[in-house]
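K.L.:
Starting off with a structure, shown below.
Number of protein chains: 4
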Amino acid sequence: MLKVGLLGAGRIGQVHAVNIAGNARSSLVAVSDVHRPGAEALAAKFGAQARSTEEILSDPSIDAVLVATSTDTHSDLIEAATAAGKAVLCEKPVDLSLARARACLGAARLSGRPVMIGFNRRFDPNFAALKAAAQRGEIGKSELLSVTSFDPAPPPVSYIKVSGGLFRDMMIHDFDMANFLMGEVPVTVRAVGSSIVDPEIGAAGDVDTAVVTLTYADGRIAVIKNSRRAVYGYDQRVELLGSDGLLQAQNMLENTVVKSTTAGVVSAKPTYFFLERYMPAYAAEWEAFVSAVLENAPMPSTLEDGIAALAMAEAATESARTGQAVTLDLQEDFYRKAV
Amino acid sequence: MLKVGLLGAGRIGQVHAVNIAGNARSSLVAVSDVHRPGAEALAAKFGAQARSTEEILSDPSIDAVLVATSTDTHSDLIEAATAAGKAVLCEKPVDLSLARARACLGAARLSGRPVMIGFNRRFDPNFAALKAAAQRGEIGKSELLSVTSFDPAPPPVSYIKVSGGLFRDMMIHDFDMANFLMGEVPVTVRAVGSSIVDPEIGAAGDVDTAVVTLTYADGRIAVIKNSRRAVYGYDQRVELLGSDGLLQAQNMLENTVVKSTTAGVVSAKPTYFFLERYMPAYAAEWEAFVSAVLENAPMPSTLEDGIAALAMAEAATESARTGQAVTLDLQEDFYRKAV
Amino acid sequence: MLKVGLLGAGRIGQVHAVNIAGNARSSLVAVSDVHRPGAEALAAKFGAQARSTEEILSDPSIDAVLVATSTDTHSDLIEAATAAGKAVLCEKPVDLSLARARACLGAARLSGRPVMIGFNRRFDPNFAALKAAAQRGEIGKSELLSVTSFDPAPPPVSYIKVSGGLFRDMMIHDFDMANFLMGEVPVTVRAVGSSIVDPEIGAAGDVDTAVVTLTYADGRIAVIKNSRRAVYGYDQRVELLGSDGLLQAQNMLENTVVKSTTAGVVSAKPTYFFLERYMPAYAAEWEAFVSAVLENAPMPSTLEDGIAALAMAEAATESARTGQAVTLDLQEDFYRKAV
Amino acid sequence: MLKVGLLGAGRIGQVHAVNIAGNARSSLVAVSDVHRPGAEALAAKFGAQARSTEEILSDPSIDAVLVATSTDTHSDLIEAATAAGKAVLCEKPVDLSLARARACLGAARLSGRPVMIGFNRRFDPNFAALKAAAQRGEIGKSELLSVTSFDPAPPPVSYIKVSGGLFRDMMIHDFDMANFLMGEVPVTVRAVGSSIVDPEIGAAGDVDTAVVTLTYADGRIAVIKNSRRAVYGYDQRVELLGSDGLLQAQNMLENTVVKSTTAGVVSAKPTYFFLERYMPAYAAEWEAFVSAVLENAPMPSTLEDGIAALAMAEAATESARTGQAVTLDLQEDFYRKAV
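Chains as they are written, first to last, in the numbering used here: chain A, 20 to 358; chain B, 20 to 358; chain C, 20 to 358; chain D, 20 to 358.
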């Protein structure tokens, strides 16, 4: 039984609390939050204790921590928790600064403790099934990947301004999806973007619609499309063309009802946003973390994965700004071929 | 090259004319119609001659006739044409009277000439592919058949009154579809019906919504659903459950466009009515007739098939009236096991 | 907060325990089971106590019980629990004997305590959404209902022998679905059935494939299809044709991955069986019970509903045996028009 | 009645012959081909005459010609036919040389005769319906276009060598599709490509897999994906994201049969290649040409459209070679805003 401290009792922390408590091999023993009453309420619901982060990290009976705090604290908490001997599952992104994330990686490696970055989409049953089919060779050799990732509505411009920009804030998930599905990091990044959804986003120096093309050393190509607004819901799809066929992971719909009238044949919309779509993924992610820790197995998504995605986001940001292709050199340091 | 006379230049005759002229192995040489100018216009468009039915039947250079006249003339024309040595493709139904149809069968058999009844749905690419898959054993042994057949809108009550009733006028196609897919005729017929779409139809002594259950000697079951009104279009579907799986033939849609908005995910409607849906079927039906005649092969849908469907329609009409199951005894006389 | 005792710690009891504990307005305080260690293990996992059924019923601090024991105990436990002042959610069926179920209804009415019968499919998000759309008038007036309900594989013949037969054991869910969606009970029942899946089932006096046709006082028609074997999974679909369109609730698939190869375009299968398909329905069912008890509102599925479905199952069993239609007279006693 | 001469009796010429003869407002009067017997056979089938191209062009009774000869003759024949006063429908591409195509445009403009370039995909019922929905404003303002266009199998390398390369030979259709759907030409073109399907194609200096990103003056973005090999068939899809929703045109399937077994749920494959997929489009294209000529209306796809697509293909070829974005300047000369 893995004894777990949860750092952060906000919306995503509450999702994780249910999964920690509901998992047969983990128990939630402590919760911390900068807003103490939030920690207390969440702890009470699951029979855990509200404590400070420091108390949690210094408690030797706690095996692992889940970091669900604000992004600017991630690197510090990963370093402190691993130094204190905890296994760590940290929400993405590792950091908005690539240099800071790399320093964190160094510290975590020194600690010898396992760190998983919460790229929840890897655990979505649809994307996971697509990857499993590809790994079984069901479409032969992969050649061309397409990732479609549209949010239902843009966030407030105030959020945009501190987000690090679309490539770091939103497309970073899709960069990781590309790394997950291609099993390798790309060698070039080409990005175009515009602020056609909301000119205010452009005025804040960001884009809201973007296409990134990735090329790989072996000739494969990936293309990622992002929009901050798809009014019909959260549009999360993947297509992988291979030498023997095509794999597609389509959207999950709110229900299976189909209505046929004179107006046409109407199905339900995609599940609205990430909590609806990825709720099963969060549970599977936690189960994967518990398994890896208890079985001393490799983490299914690592700090290195987090850094690779961040480096790609930086490259895309630069490419969109300059109009030029950016060359990456990530293979040696970070990545093992997986597909 | 099969030289063909077309009897009847109405809407369905015009469809057949295109297929006769367009087929590489047939040519349209003559057209007759009770409305002479209609025959003349249709003949001119395809370089054929407008002639009387008698002239066509007595012309020894004409190999085959296609009967596309009104239902009450079918039996007479089949008898006259086969007596004149023609191969015949006749629109369904053979007749509204089972006794008359049986007499016609006797006469046609005496002539030794081949007669095909135009059960166009057998040649629909979807239903034909479903049957082919079943015959290849792809779902093992068939067990339970469902036929859904809804018209887009009810005909005028004036038509209802002379139609012979829903079971003879509309469900007769589905009885033939059951015979086609099950490869056998049923032993019992149970029908329920009501006039819920339009009380005027009930006042005219007919039903507009009906469900018929068929049982087979070997324990298989079929169910047919009819409605005179499906406002979204012509709904023509089949499902066949077998020991190793399920086959479904779904509707053909007007196009493949899908629109996702806040209102839902909207696809195109089914093609509106039989001419849109079954246009490819009419061409395939004609090709099947030409092949059978030129290659001296068995007709793919026969007068016996027409009589079996008519007998089932009569049984269903009686069952709906009395509330009792009706037992059929068709196997000996008519049918060869095919699936 | 509703304090709940769970009677029965078997497979379905375990599903209910998670939902009772996970619901924000209920807590699981006690568990009983004829197999005491099962009750103890389940209680321990959720911080509840293992107790005898008698102790649970006589504890005034317990507000409600969930009956998840074997069918033959349902009527007795409903009577005992309501007499003890508990609100009751009881798994279906109420009883295999219609007379016993009616006696139970009388006793429960005398107690004045609310009883809900766990017709879980009413709470399936797809069927619930279909009914909601129908109630909003989105397809006008309903006319023709079709329910398809196939199990993935037949149960052992030993189970068949004590099951009460397909109509009571399996189709009873579909009878309730018809009542739920039509908002009324039918006036006639016609059933045909055969044992084409497994002759052993026939030798045991039961059928494994069946079609039932229901007619309603206002002319509407429903048809239910059952098979004990659909090798591709649990096939649970509904279609409702109305004056303004068609509503369909389709199967839920294991995932959204689609693979296109030379062999065709392959999607995932339906979720395998009832626990996979109806897991969200069980949570919604429990939430509906909690709401109804706490808000003193009518139960969304009642003992009367259970009796109506059982009476339809008896009628179908008789109709399949005799080959005759059976007339029901349920409206006066039990049912309120809902759609 | 439009009297038509057909130049070219090869595979695509034969498709056009059927549509010319079958159209109610056109008749096929003459056919020419460098292989005289081919012209004679095709003419005989439709009651037309086999003549030389010169005879056809100099016959004042012929109103229009359809140019279905090899690509290297297109420019010359357009010039000769328009000079002879004919209306012209010419297969794409106009020419492999942009300079030659521009000279042809100049000559055609001088003649004052209408010229349509046969971008058949504009007349595909699915793409046409998608554009019509966009023009009706059903998804608001368009923002992001995706075109997927995969051939079932690569052509022989001998063909590749004389094809002008993937961007001119294959993606040129998709460039026109982008122009058709966006109603404007782009300002930048970015291309990546590789020869991952077949290294022989790379050795011949071409690519077989490519992604092109287009940006527009108003901030819109389009992305086109091409592969020479999709083993499951001809994959031709379009997605257009707008401010109020998403429009998708999906593949047409060989039939609507769905098979569910233990292996999954299998649908038919996409129609195999362009003749199967675009047969209805060729008929609609011809009808559009006939309408435009007889009603003296603008051609629905023009020489200017052909030149714009060719210029985009040249830009993409250069971008793929250099790795740099290429800026276009086509708006002033050629294009009218249409969407």
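Glycine included, each C-beta is placed from N, C-alpha and C at the ideal position.
Because the structure is a prediction, the values reported are computed rather than measured.
What residue range is occupied by the uninterrupted alpha helix (DSSP H) comprising D:L129?
P.N.:
Within the fourth sequence, numbered from 1, the residue matching residue 129 of chain D stands at position 110. Run containing D:L129: L117 to S130, per the alpha helix (DSSP H) assignment.
K.L.:
Alpha carbon to alpha carbon, how far is B:K180 from D:L21? Give it in angstroms, no decimals.
P.N.:
Against the fourth sequence, residue 21 of chain D aligns to sequence position 2. Against the second sequence, residue 180 of chain B aligns to sequence position 161. Approximately 46 Å, taken between the alpha carbons.
K.L.:
Hey, D:K105 and C:G283 are a contact pair by Cβ (cut 8 Å); roughly how many whole angstroms apart?
P.N.:
Counting from 1 along the fourth sequence, the entry for residue 105 of chain D is found at position 86. Counting from 1 along the third sequence, the entry for residue 283 of chain C is found at position 264. 46 Å between Cβ atoms; not a contact.
K.L.:
Going by beta carbon distance, what residues of the same chain come within less than 7 Å of C:P133, once the five residues before and after it are set aside?
P.N.:
For the purposes of this step, residue 133 of chain C is identified with residue 114 of the third sequence, where counting begins at 1. Excluding residues within five positions, the ones whose Cβ falls inside 7 Å are A106, A311, V312 and M318.
K.L.:
Tell me whether D:R296 is buried or exposed, calling it buried when 16 or more other Cβ atoms sit within 10 Å of its Cβ.
P.N.:
If you number the fourth sequence from 1, residue 296 of chain D lands on position 277. It is buried - the Cβ of D:R296 has at least 16 other Cβ atoms within 10 Å.
K.L.:
Spatial neighbours of C:F169 within its chain, please: CB distance less than 6 Å, with the 5 preceding and 5 following residues excluded, ordered by chain position.
P.N.:
The count along the third sequence starts at 1 and reaches residue 169 of chain C at position 150. Cβ within range, chain order: S246, A249 and D254.
K.L.:
For C:G252, which option in C:F65, C:A303 and C:P173 has the closest C-alpha, if you only look at C-alpha atoms?
P.N.:
For this step, residue 252 of chain C is matched to residue 233 along the third sequence. Minimum Cα distance to C:G252 is reached at C:P173.
K.L.:
Who are the near neighbours of A:L359 in its chain, counting only those whose CB is closer than 7 Å to its CB and skipping five residues on each side?
P.N.:
The question about residue 359 of chain A has no answer here: the residues shown for chain A are numbered 20 through 358.
K.L.:
Measure from the alpha carbon of C:L322 to the alpha carbon of each residue in C:S77, C:G131, C:A63 and C:G27, then state which is nearest.
P.N.:
Your numbering for residue 322 of chain C matches position 303 in the third sequence. The candidate whose alpha carbon is nearest that of C:L322 is C:G131.
K.L.:
I'd like to know if C:P112 contacts chain A, where contact means its C-beta is closer than 8 Å to some C-beta of that chain.
P.N.:
Working through the third sequence from its first residue, we reach residue 112 of chain C at position 93. Taking Cβ atoms only, chain A never reaches closer than 8 Å to C:P112, which makes this a no.
K.L.:
Determine the extent of the beta strand (DSSP E) in which B:M135 is found, giving its start and end residues.
P.N.:
Translated into the one-based positions of the second sequence, residue 135 of chain B becomes position 116. V134 to G137 is the extent of the beta strand (DSSP E) around B:M135.
K.L.:
Let me know the secondary structure DSSP gives C:N198 once reduced to three states.
P.N.:
The residue given as residue 198 of chain C occupies position 179 in the third sequence. C:N198 falls in the helix class under three-state DSSP.
K.L.:
Using DSSP's beta-bridge definition, name the partner residues of B:G289.
P.N.:
Position 270 of the second sequence holds residue 289 of chain B. The sequence shown places Pro at residue 289 of chain B, rather than the Gly named in the question. Per DSSP, B:L272.
K.L.:
Residues of chain C with CB under 9 Å from D:K288, in chain order?
P.N.:
The residue you call residue 288 of chain D lines up with position 269 of the fourth sequence. Those within 9 Å of D:K288 in chain C are S279, T280, T281, A282, G283 and V284.
K.L.:
According to DSSP, is B:F142 helix, strand or coil?
P.N.:
As a first step, residue 142 of chain B is located in the second sequence; it is residue number 123 there, counting from the start. Helix.
K.L.:
Taking only the alpha-carbon atoms, compute the straight-line gap between C:A62 and C:S51 and give it to the nearest angstrom.
P.N.:
Translated into the one-based positions of the third sequence, residue 62 of chain C becomes position 43. Translated into the one-based positions of the third sequence, residue 51 of chain C becomes position 32. Distance between the alpha carbons of C:A62 and C:S51: 9 Å.
K.L.:
What's the call for D:V345, buried or exposed, on a 16-neighbour Cβ count within 10 Å?
P.N.:
The residue labelled residue 345 of chain D in the question sits at position 326 within the fourth sequence. Under this definition D:V345 is a buried residue.
K.L.:
Using the C-alpha atoms, what's the distance from B:K244 back to C:G125?
P.N.:
Your numbering for residue 125 of chain C matches position 106 in the third sequence. Your numbering for residue 244 of chain B matches position 225 in the second sequence. Approximately 40 Å between the Cα atoms of the pair.
K.L.:
Per DSSP, which one or two residues make a beta bridge with B:N245?
P.N.:
Here residue 245 of chain B refers to the residue found at position 226 when the second sequence is read from its first residue. B:N245 is bridged to B:S168 and B:A229.
K.L.:
Please list, in chain order, the residues of the stretch 236-256 of chain A that have any C-beta partner in chain B closer than 7 Å.
P.N.:
From the stretch 236-256 of chain A, only V250 and Y251 have a Cβ closer than 7 Å to chain B.
K.L.:
Enumerate in chain order the residues of its own chain whose CB-to-CB distance from B:I215 is below 6 Å, with the five nearest sequence positions on each side excluded.
P.N.:
For the purposes of this step, residue 215 of chain B is taken as residue 196 along the second sequence, with counting starting at 1. Excluding positions up to five away in sequence, the list reads T228.
K.L.:
From the beta carbon of D:A126, is the nearest beta carbon of chain A less than 8 Å away?
P.N.:
The sequence position of residue 126 of chain D within the fourth sequence is 107, counting from 1. By this cut-off, D:A126 is not an interface position.
K.L.:
Output yes if chain D places a C-beta closer than 8 Å to the C-beta of B:E333; else output no.
P.N.:
Here residue 333 of chain B refers to the residue found at position 314 of the second sequence. Not an interface residue.
K.L.:
Below 8 Å on the Cβ atoms is my contact criterion, and I expect B:Y291 with B:N139 to pass it. Report the Cβ-Cβ distance as a whole number of Å.
P.N.:
Locating residue 291 of chain B in the second sequence gives position 272, counting from the first residue. Locating residue 139 of chain B in the second sequence gives position 120, counting from the first residue. So it is not a contact: roughly 16 Å between Cβ atoms.
K.L.:
Output the boundary residues of the beta strand (DSSP E) element that contains C:T341.
P.N.:
Numbered from its first residue, the third sequence carries residue 341 of chain C at position 322. First-last for C:T341: L322 to T341, but that is the alpha helix (DSSP H), not the beta strand (DSSP E).
K.L.:
Where are the alpha helix (DSSP H) runs, 4 residues long or more, that stay fully inside the stretch 289-316 of chain B, in chain order?
P.N.:
The stretch 289-316 of chain B contains these whole alpha helix (DSSP H) runs: 293-313.
K.L.:
Please decide whether B:G66 counts as near chain C, where near means a Cβ-Cβ distance under 8 Å.
P.N.:
If you number the second sequence from 1, residue 66 of chain B lands on position 47. With 8 Å as the cut-off, B:G66 does not count as an interface residue toward chain C.
K.L.:
Secondary structure at C:D263, three-state DSSP: helix, strand or coil?
P.N.:
Stepping through the third sequence from its first residue, residue 263 of chain C is reached at position 244. Coil, per DSSP.
K.L.:
Alpha carbon to alpha carbon, what distance is there between A:T101 and C:A197?
P.N.:
Counting from one through the third sequence, the residue named residue 197 of chain C turns up at place 178. Counting from one through the first sequence, the residue named residue 101 of chain A turns up at place 82. So the alpha carbons of these two residues sit roughly 58 Å apart.
K.L.:
For the stretch 304-319 of chain D, enumerate the residues whose C-beta is nearer than 9 Å to any C-beta of chain B, in chain order.
P.N.:
Going along the stretch 304-319 of chain D in chain order, one finds no residue with a Cβ nearer than 9 Å to chain B.
K.L.:
Consider the Cβ of C:D217: report whether some Cβ of chain B lies at a distance smaller than 8 Å.
P.N.:
On the third sequence, position 198 is the one that residue 217 of chain C refers to. No, its Cβ sits nowhere closer than 8 Å to a Cβ of chain B.
K.L.:
When you compare each of B:T232, B:A58, B:M271 and B:V204 to C:A211 by their alpha carbons, which one comes out closest?
P.N.:
Here the question's residue 211 of chain C lines up with position 192 in the third sequence. Per the sequence shown, residue 211 of chain C should be read as Val rather than Ala. Nearest option by C-alpha distance: B:T232.
K.L.:
Less than 8 Å between CB atoms is the rule here; does A:V358 satisfy it with respect to chain C?
P.N.:
Start at 1 with the first residue of the first sequence, and residue 358 of chain A comes out as number 339. Residue confidence for A:V358 is low, a pLDDT of 31 falling below 50, so the modelled location carries little weight and cannot support an answer.
K.L.:
Mind listing which residues of the stretch 193-204 of chain B have their C-beta closer than 9 Å to chain D's C-betas, in chain order?
P.N.:
Cβ contacts with chain D: none found.
K.L.:
For the beta strand (DSSP E) holding A:T207, just list the boundary residues, first then last.
P.N.:
Translated into positions along the first sequence, residue 207 of chain A becomes position 188. First-last of the beta strand (DSSP E) with A:T207: T207 to S213.
K.L.:
Smallest Cα separation from A:I97: which of A:R128, A:S80 and A:I81?
P.N.:
Position 78 of the first sequence, counted from the start, is the residue given in the question as residue 97 of chain A. That would be A:R128, whose Cα lies nearest to the Cα of A:I97.
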